[in-house]
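Asker: Before anything else, here's the structure in question.
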Amino acid sequence: MLSHPGLGAVYRKLKEELAGAADARRLEEIRVAYLGRKGAITAVLQGIKELSPEERRSTGRLANLLKQGLEEELASRLEGIRRRELEESLRRERLDISLPGRHIPYGTRHLLSSIIEEIEDIFIGLGYRVAEGPEVELDYYNFEALNTPDWHPSKSLQDTFYVELPGSGRSDVLLRTHTSPVQIRVMESTPPPVYIIAPGKAYRHDVPDATHSPMFHQVEGLAVDEGISLGDLKGTLETFAKRMFGEDRKVRFRPHFFPFTEPSAEVDVSCNMCGGSGCRVCKGTGWLEILGAGMVDPNVFAYVGYDPEKWSGFAFGMGVERIALLKYGVPDIRFFFDNDLRLLRQY
Numbered sequence: 000m001l002s003h004p005g006l007g008a009v010y011r012k013l014k015e016e017l018a019g020a021a022d023a024r025r026l027e028e029i030r031v032a033y034l035g036r037k038g039a040i041t042a043v044l045q046g047i048k049e050l051s052p053e054e055r056r057s058t059g060r061l062a063n064l065l066k067q068g069l070e071e072e073l074a075s076r077l078e079g080i081r082r083r084e085l086e087e088s089l090r091r092e093r094l095d096i097s098l099p100g101r102h103i104p105y106g107t108r109h110l111l112s113s114i115i116e117e118i119e120d121i122f123i124g125l126g127y128r129v130a131e132g133p134e135v136e137l138d139y140y141n142f143e144a145l146n147t148p149d150w151h152p153s154k155s156l157q158d159t160f161y162v163e164l165p166g167s168g169r170s171d172v173l174l175r176t177h178t179s180p181v182q183i184r185v186m187e188s189t190p191p192p193v194y195i196i197a198p199g200k201a202y203r204h205d206v207p208d209a210t211h212s213p214m215f216h217q218v219e220g221l222a223v224d225e226g227i228s229l230g231d232l233k234g235t236l237e238t239f240a241k242r243m244f245g246e247d248r249k250v251r252f253r254p255h256f257f258p259f260t261e262p263s264a265e266v267d268v269s270c271n272m273c274g275g276s277g278c279r280v281c282k283g284t285g286w287l288e289i290l291g292a293g294m295v296d297p298n299v300f301a302y303v304g305y306d307p308e309k310w311s312g313f314a315f316g317m318g319v320e321r322i323a324l325l326k327y328g329v330p331d332i333r334f335f336f337d338n339d340l341r342l343l344r345q346y
């Protein structure tokens, strides 16, 4: 096959070695021995410069054919070996699917997360979107732009956590006491109409007890559009209350005061324990408070540059823990933070 005596010897020896190669390691040794820097075929190619021009051409062509053939043969043999090794490995490692699986403990969604998600789903279905904002806030967004004067008791150190920023010289940084600042930030950056809810954490200087926690969760809501009325507020919150607590629940609105809404109201639902007849849970009233709400005060619109002559709106806010307490009959807010799996697994 090969007329050049050196190539002929190389070819015969190569065939013998390939025939005896049974694994990938031996194939690599053959590749290095023939195609490496000091390999046999490489040596032939380096020596053709001493041949006549005609011999040089024929020998170079044959050497390159041999080199190409060897590379293809090595690749094919290596692929076959790897395929056999894989098949053998799969046979050895075959799974016995008749064996029972082992239980792996896994976490579940916390009750408060489920309540927040349920609230979001209700309002998203009504055309609202979810908005978020910082938990470390400025006095301006937390109080001033929400029409809360300096003398208001909520601004005292007894009610609010203020944050010291060394070297800043600022005394107006605090942990937000509600998620209402998100409403101001959204209105500052968004032209009306606006329909948002703002779920998140809030902080107040409360001593932990059955109904209070220094950290809690709120969902605030805001709707701003042309021609929004108190009737729109009532219809929206009645829809929410019935979807959250049941279509059979009654809803009532009681006059109240909030600095950033006028008129303002607190919203109650009929007690699920006594059906409204009065019991220990509702303290004999037949009603359970679920949230506060009202029409946005025109002064708030002035802070964000909305024309109160053209735009009107309503806002509302609810405590997520309170909603969970009332919906599931949990007696103590602290249970939500104790990580007692006996309670959490019930929900």
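Each residue of the sequence shown is one higher than the one before, counting from 0 in numbering that gives the first Met the number 0.
All residues carry an ideal CB built from backbone N, CA and C; glycine is no exception.
These numbers come from a predicted model, not from an experiment.
1) Let me confirm a value: Q217 is counted as buried when at least 16 other C-beta atoms fall within 10 Å, else exposed. Which label applies?
2) CB G110 to CB A264, shorter than 7 Å?
3) I need the DSSP call for K37, collapsed to helix, strand or coil.
4) Identify whether K241 lies in helix, strand or coil by the three-state DSSP scheme.
5) Which of the three DSSP states, helix, strand or coil, is assigned to E86?
6) When the Cα atoms are used, what is the spatial distance from D337 to D331?
7) Less than 7 Å between the C-beta atoms of V268 and A240, yes or no?
8) From A21 to L69, what does the alpha carbon distance come to, in whole angstroms?
9) On the CB-based measure, 16 or more other CB atoms within 10 Å of its CB, does A222 come out buried or exposed?
10) According to DSSP, which residues form a beta bridge with R253?
11) At which residues does the beta strand (DSSP E) containing L137 begin and terminate?
12) Can you pull the DSSP bridge partners for F315?
13) Helix, strand or coil: which one does DSSP assign to D200?
14) By the three-class DSSP mapping on this structure, what secondary structure does T235 have?
15) Would you identify the three-state DSSP class for Y105, choosing helix, strand or coil?
16) According to DSSP, L125 sits in a beta bridge with which residue or residues?
Answerer: According to the data block:
1) Position 218 of the sequence shown, counted from the start, is the residue given in the question as residue 217. The residue is buried, with at least 16 neighbouring Cβ atoms inside 10 Å.
2) Translated into the one-based positions of the sequence shown, residue 110 becomes position 111. Translated into the one-based positions of the sequence shown, residue 264 becomes position 265. Reading off the sequence shown, one finds Leu at residue 110, where the question assumed Gly. At the C-beta level, L110 and A264 stay beyond 7 Å of one another.
3) Against the sequence shown, residue 37 aligns to sequence position 38. K37 carries a coil assignment under DSSP once its states are collapsed to helix, strand and coil.
4) Residue numbering aside, residue 241 sits at position 242 when the sequence shown is read from its first letter. K241 falls in the helix class under three-state DSSP.
5) Looking up residue 86 in the sequence shown gives position 87. Reduced to three states, the DSSP call for E86 is helix.
6) Start at 1 with the first residue of the sequence shown, and residue 337 comes out as number 338. Start at 1 with the first residue of the sequence shown, and residue 331 comes out as number 332. Between the C-alpha atoms of D337 and D331 there is a straight-line separation of about 11 Å.
7) Here residue 268 is taken as the residue at index 269 of the sequence shown, counted from 1. Here residue 240 is taken as the residue at index 241 of the sequence shown, counted from 1. Closer than 7 Å, so yes.
8) Locating residue 21 in the sequence shown gives position 22, where the first residue counts as 1. Locating residue 69 in the sequence shown gives position 70, where the first residue counts as 1. When rounded, the distance between both Cα atoms is 16 Å.
9) If you number the sequence shown from 1, residue 222 lands on position 223. With 16 or more Cβ atoms within 10 Å of its Cβ, A222 is classed as buried.
10) Here residue 253 refers to the residue found at position 254 of the sequence shown. Secondary-structure assignment with DSSP links R253 through a beta bridge to E265.
11) Numbered from 1 along the sequence shown, position 138 holds the residue referred to as residue 137. L137 -> beta strand (DSSP E) spans V135 to L137.
12) As a position in the sequence shown, residue 315 is number 316, starting the count at 1. F315 is bridged to G220 and A292.
13) The residue labelled residue 200 in the question sits at position 201 within the sequence shown. The amino acid occupying residue 200 in the given sequence is Lys; Asp does not appear at that position. Looking at K200 - three-state DSSP - the assignment turns out to be strand.
14) Taking the first residue of the sequence shown as 1, we reach residue 235 at position 236. Looking at T235 - three-state DSSP - the assignment turns out to be helix.
15) Position 106 of the sequence shown holds residue 105. When DSSP states are grouped into helix, strand and coil, Y105 belongs to the coil group.
16) Translated into the one-based positions of the sequence shown, residue 125 becomes position 126. BP columns for L125 are empty, so no partner.
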